[in-house]
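To start, the structure itself, in structure tokens.
There are 4 protein chains.
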Amino acid sequence: MIRIAVLGAGRIGRIHAANAAANPRCRLVAVADIAEEAADSLARSLGCEASRDPAATLAREDIDAVVIGTPTDTHVALLLAAARRGKAVLCEKPVDLDIGKVDAAAAEIEGLGARVMVAFNRRFDPSAAAVHRALAAGAIGAVRQVVITSRDPAPPPPSYIASSGGLFRDMTIHDLDMGSWLLGEEPNEIFAAASTLVDPAIGAAGDFDTAMIIMRTASGRQCHINNCRQAAYGYDQRIEVFGARGMLLNDNLRPSTLRRYDATGTEARDPLLNFFLERYAEAYRLELDAFLAALAEGTKMPLTVEDGRRALRLADAAHLSARTGRTVTV
Amino acid sequence: MIRIAVLGAGRIGRIHAANAAANPRCRLVAVADIAEEAADSLARSLGCEASRDPAATLAREDIDAVVIGTPTDTHVALLLAAARRGKAVLCEKPVDLDIGKVDAAAAEIEGLGARVMVAFNRRFDPSAAAVHRALAAGAIGAVRQVVITSRDPAPPPPSYIASSGGLFRDMTIHDLDMGSWLLGEEPNEIFAAASTLVDPAIGAAGDFDTAMIIMRTASGRQCHINNCRQAAYGYDQRIEVFGARGMLLNDNLRPSTLRRYDATGTEARDPLLNFFLERYAEAYRLELDAFLAALAEGTKMPLTVEDGRRALRLADAAHLSARTGRTVTV
Amino acid sequence: MIRIAVLGAGRIGRIHAANAAANPRCRLVAVADIAEEAADSLARSLGCEASRDPAATLAREDIDAVVIGTPTDTHVALLLAAARRGKAVLCEKPVDLDIGKVDAAAAEIEGLGARVMVAFNRRFDPSAAAVHRALAAGAIGAVRQVVITSRDPAPPPPSYIASSGGLFRDMTIHDLDMGSWLLGEEPNEIFAAASTLVDPAIGAAGDFDTAMIIMRTASGRQCHINNCRQAAYGYDQRIEVFGARGMLLNDNLRPSTLRRYDATGTEARDPLLNFFLERYAEAYRLELDAFLAALAEGTKMPLTVEDGRRALRLADAAHLSARTGRTVTV
Amino acid sequence: MIRIAVLGAGRIGRIHAANAAANPRCRLVAVADIAEEAADSLARSLGCEASRDPAATLAREDIDAVVIGTPTDTHVALLLAAARRGKAVLCEKPVDLDIGKVDAAAAEIEGLGARVMVAFNRRFDPSAAAVHRALAAGAIGAVRQVVITSRDPAPPPPSYIASSGGLFRDMTIHDLDMGSWLLGEEPNEIFAAASTLVDPAIGAAGDFDTAMIIMRTASGRQCHINNCRQAAYGYDQRIEVFGARGMLLNDNLRPSTLRRYDATGTEARDPLLNFFLERYAEAYRLELDAFLAALAEGTKMPLTVEDGRRALRLADAAHLSARTGRTVTV
């Protein structure tokens, strides 16, 4: 039985801790957060220990693995500390906003031969996984175009924007990973057009809130991503892959299949599952399970720091392209 | 070129006349209605002759075929008059509300060897025809169950109810024909449960407005029909056929594929096509064309008076079952 | 914390035991089954005690509640034994196949004031619950018609048929409960037409495999149920409720939203979730939670033995109607 | 009654001629094509005159309006000849492949005050028109992003590619017009990424077969277009408009609503309507009707040469962008 600790008791830490508590492959030993009350209340509800010192927790002899769900600027330090002590790590994305720090961390981790997985949770979503499986099975032949729609229900507070690294590093990074995964080839060119159409305060903070991106691989495959920080109708997460022999589409999820017809004559359905904690609840569960399974079975991590590094480089390139109006070679 | 006249310039006559005017297989010579103004205005818009004497029109030497779209109580007389003069006839349903008169007419028509088609337009609806074609091609194996949903957007005026022959002969008759057609076997038992849930005035007139019917064939195949004189969301026309190897479903039609997502988060679509003139516009066109094609090519009529007779007998049996609470053998 | 035991370690007992183990409102103390190996292996995987004596287990002082998932013919004895000792009970349906025994049990349970819930799991399905909530909120006005489609992917083995109580008591009973719940009024008339279209062996065993039922309430509301023991395309579970101001529809569930388009040009989707353990996994979880919530909060059980009794009486009446071809008054 | 002639008796000329013959606002007088047999056979089937001299036909005193459906390189000469004689013109797109010739023609037409409509048929598609109407009614607030999917079922023959003007001027031009129309603002920047993924012969002819385009307006609205010369699943024509208060989606059309479920368990639907003559049959009919209505009522043409000019400039800019990898300002 893998003994695990979760670092961070905020929104994302709580998800991982609850999944760890329910997963038969592991035993949740402790949750740690510098905010004492957050750690205490989470530990109490899950029946594990609480700590207000993440660094001390990851160093415990009786801990085999940690999940890092603390603020982004603490990821690298905790990740390396854990790796140096031989702990397996599931680290929330992004590894860091600075590609230089990520490069250095990746190099050290490789040198250590550490078991580290970066948490691009969407790859574990059952519908996204079904697309990838169908591609791998040759269901639609060679990929030609990928289209990813990714719009949030509401923008984060302005305070978050400032420290977020910007739209591309904070939000698009998920889609850049997904696009690379589905293209089946590394993108080597990226173009981005970006605007501020939602909230002028976002523009004033030097960021964008609405963007369209095109990536291209060496063989000519293309991927389009569209993003917006706010969609009135909810969290919009769709995928389309078009190949030589067909097309695959994923639609949004709703809480029930209920359709209502009233005197307006239209067919109405439930609102979309709103927001990532609900929409990707199953993905978070499966992601942790995949991490634990790789540990238990000694197999390759399904996602590594290299994947995090690659996505961040694409995000940086998209940022540069949006500023210059030119294609950026990656 | 078949020379054709349309008898009746009301709602249904106007549909047939416009289709005749546009069909390259025939030439619309005249429209006739005892209401002079209706005949005149229709004739003017389509560039043909007008008459206020349907009987005289059908007797014209230069007419090969007539469409009978006059009130139900005139059908048999006009149908027989036309048949006796060797004219081909497309007659609106029901042939008559009295099964005795229909039996007599059917016998005389058979004796004359007359070319008569009864207008169960729904069989020509592209989606219903696609279901029937798939059945005939063995797409789902032997039929087990048929479910027909047929609800009108709004009840007819009380005055109409009185002379309509009642829910089963007026409205269900279409579904009884459709059910028999899709079962692929003659129903020999029928059961009906009926209520007045829409308008007490309909009950006061001795009729029902909401009904559920079950038909059964000798081999045990089953058909369910549900009817209501009023559906708040519009004209509901759906078909389901369940067989040994699969299922076929037909959904309602809408004017466009538009889906709207707004701040309520639901997906909304266009209202249903509302009412039979819109919903079955294409079916009426194809029905006339099938009639003309059978004439031009000398082939069997796709629907005969016998089909009308059979549907009326089922309607009479459903009526009796609803009154007695017992299965009626047909 | 409610201390619970699960009686029966077969297919359904395993579901309940796993849900009990994961539910924070209770602690799974033991599983009991006369088949020692089944009890042992289930207990081992969930970390609880095993017993091969259900009667002894329910009598334990440290048990507050039991889930009865043993064979149908043991339900009443275990249910009454538990009730007499003051244990709360969640009992699988049907309570018994003999209405006389169910009547007697219901009377004794009422006299004891025991806390007993009958497990009509489908009422807890999120989509069915969404329909019921919408009805209660008046979304479509007064109910006029309910249509329930309920077809199994494959028939049970002939040996099961013989002891099942027949199609209506074994399979339709779920739909009879669902129909009564959605009609919002007690049905007082029922009609059934039944056939053997799937397997002659089922007919030889004196049962039917394909049926259509109509129920009617005193005010004239109507409910249609269609059943078949085998559907080539999988487990078909749909609900339609038609009311004075609109309609509600529930569709089947699939594992993902994936749609595939290939060279045939059609749009293909994932197969339906197949069979009740998968399709109603969430319903089983929510059902147990509702039972535990009612215990914890001291509120009324969401479903009682009376609901089981009512559904069985409708099943008996449907059986009689199918044999006689007449409406049966309940 | 407007007296009309159709120039060109090829694929597109036949569509326009049949629509003119059936439209009550006009009388089809003649069809003209230098290919005598094509003109004769079309004229015979529609009951009008045939000519093998388009220029002479448009000059006839008794002709009020002409539809130009001849090869692209003859458009400008016929268009100007007709305009100079005071004939109204519905001209197929593109007006010409050379923006200089289009500019000159546009200037002369404006000087003449001639009544000329350019045939971007898709604007008249009922579903596209429903999107535009909903936008105009403010259904989703200010537009932020438009996504247009436009893929052909099969590439044209290599011989056609050479004289087509290339992917952007031949195929994308429709989508550029649609995107501009739906953005509600003129795009002033365009970026294109293009590849040859379908057929190397297309690349050898100096053209692309697969492209992704992004357009941006001055206020920051964005439009994505994706194109491919070949889609295994048929003619893919979808539209998405995302605005401040919601989203509008248009899906593809199929011949019927039939859904089939078989032993694979999937839901299958009819193939897409395949190709533009079928998919846009109604749009062609409504386009001609809009042209005739504008003539009959003396109102503004719904589309002018200016619209053709604008779309061609965008196509030229997309072509340049694809060659240079840079955003092109329009």
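Residue numbers (the numbering used here), protein chains in the order written: chain A, 1 to 330; chain B, 1001 to 1330; chain C, 2001 to 2330; chain D, 3001 to 3330. Ideal Cβ placement from N, Cα and C applies to all residues, glycine included. Just so we're clear, the structure is a prediction, and the values are computed from it rather than from any experiment.
In the DSSP assignment, M2212 of chain C forms a beta bridge with C:A2193 and C:N2226. Distance from the CA of A20 of chain A to the CA of A2129 of chain C, rounded to the nearest whole angstrom, comes to 30 Å. By the Cβ-count criterion, D2053 of chain C is exposed, with fewer than 16 other Cβ atoms from all chains shown falling within 10 Å of its own Cβ.
Residue pairing of S1150 of chain B in beta bridges, as defined by DSSP: B:N1227 and B:Q1237. The alpha-carbon separation between V76 of chain A and Y2284 of chain C amounts to approximately 43 Å. Assignment of beta strand (DSSP E) within the stretch 224-311 of chain A, counting only whole runs of 3 or more residues, yields 236-243, 246-250, 259-261 and 267-269 in chain order. Bounds of any alpha helix (DSSP H) do not take in E1185 of chain B, whose DSSP letter is neither H nor E. At a cut-off of 8 Å, the C-beta of S1127 of chain B has no neighbouring C-beta in chain C.
Nearest to A9 of chain A by alpha-carbon distance, out of A:A35, A:N23 and A:C26, is A:A35. In the DSSP annotation of this structure, V2131 of chain C is not part of any beta strand (DSSP E); the continuous alpha helix (DSSP H) holding it starts and ends at P2126 to A2136.
Chain D has no Cβ within less than 8 Å of the Cβ of M1 of chain A.
One alpha carbon belongs to I63 of chain A, the other to V29 of chain A, and they sit about 8 Å apart.
For the pair A3105 of chain D and V3095 of chain D, the CB atoms are nearer than the 8 Å cut-off.
In the pairwise beta carbon analysis, the stretch 3004-3018 of chain D is classified as not touching the stretch 1203-1211 of chain B: fewer than three pairs are separated by under 8 Å.
Taking the Cα of K101 of chain A as reference, the smallest distance to any Cα among A:V305, A:T327 and A:H319 is reached at A:V305. Within the model, the alpha-carbon separation for L2097 of chain C versus S51 of chain A is close to 56 Å.
Counting along the chain, the unbroken alpha helix (DSSP H) around R3084 of chain D starts and ends at H3075 to R3084. Minimum Cα-Cα distance from S1256 of chain B among the listed residues D:I3190, D:D3289, D:R3260 and D:D3251 corresponds to D:D3251. Distances from the alpha-carbon of A17 of chain A to those of A:A65, A:A55 and A:A56 put A:A65 closest. Taking CB atoms only, S3219 of chain D has no neighbour in chain B less than 8 Å away. Of the residues assessed, R2309 of chain C falls on the buried side of the cut-off, its CB having 16 or more other CB atoms within 10 angstroms.
A check of alpha carbon separations from G265 of chain A across B:D1262, B:D1270 and B:R1323 identifies B:D1270 as the nearest.
For M2178 of chain C, no chain A residue has a C-beta closer than 8 Å to its own C-beta; the minimum C-beta separation is roughly 15 Å. Between L1079 of chain B and V1116 of chain B, the CB-CB gap stays under 8 Å.
When beta bridges are read from the DSSP output, V2089 of chain C appears opposite C:V2066 and C:V2116.
Under the Cβ distance rule, S3256 of chain D counts among the residues neighbouring chain B, one pair being separated by less than 8 Å.
Counting along the chain, S163 of chain A sits inside the alpha helix (DSSP H) bounded by residues P158 to S163.
Residues of the stretch 1238-1251 of chain B that bring their beta carbon within less than 8 Å of a beta carbon in chain D comprise R1245, G1246, M1247, L1248, L1249, N1250 and D1251, in sequence order. By the 16-neighbour rule on beta-carbons within 10 angstroms, Y2160 of chain C is exposed.
Between A315 of chain A and the set A:H174, A:R3, A:P156 and A:V147, the nearest pair of CA atoms involves A:H174.
Closest in C-alpha terms to R238 of chain A, from the list A:Q145, A:R151 and A:R25, comes A:R151. Taking C-beta atoms as the reference points, P3153 of chain D and N3274 of chain D count as a pair closer than 8 Å.
In the three-state reduction of the DSSP assignment, S2051 of chain C falls in the strand class, which pools E and B. Note on D307 of chain A: 16 or more other CB atoms within 10 angstroms of its CB, so buried under the neighbour-count rule.
For I1202 of chain B, the uninterrupted alpha helix (DSSP H) run begins and ends at P1200 to A1204, by DSSP.
When 7 Å is used as the limit between beta carbons, Y3235 of chain D is near no residue of chain B, the shortest such separation being about 14 Å.
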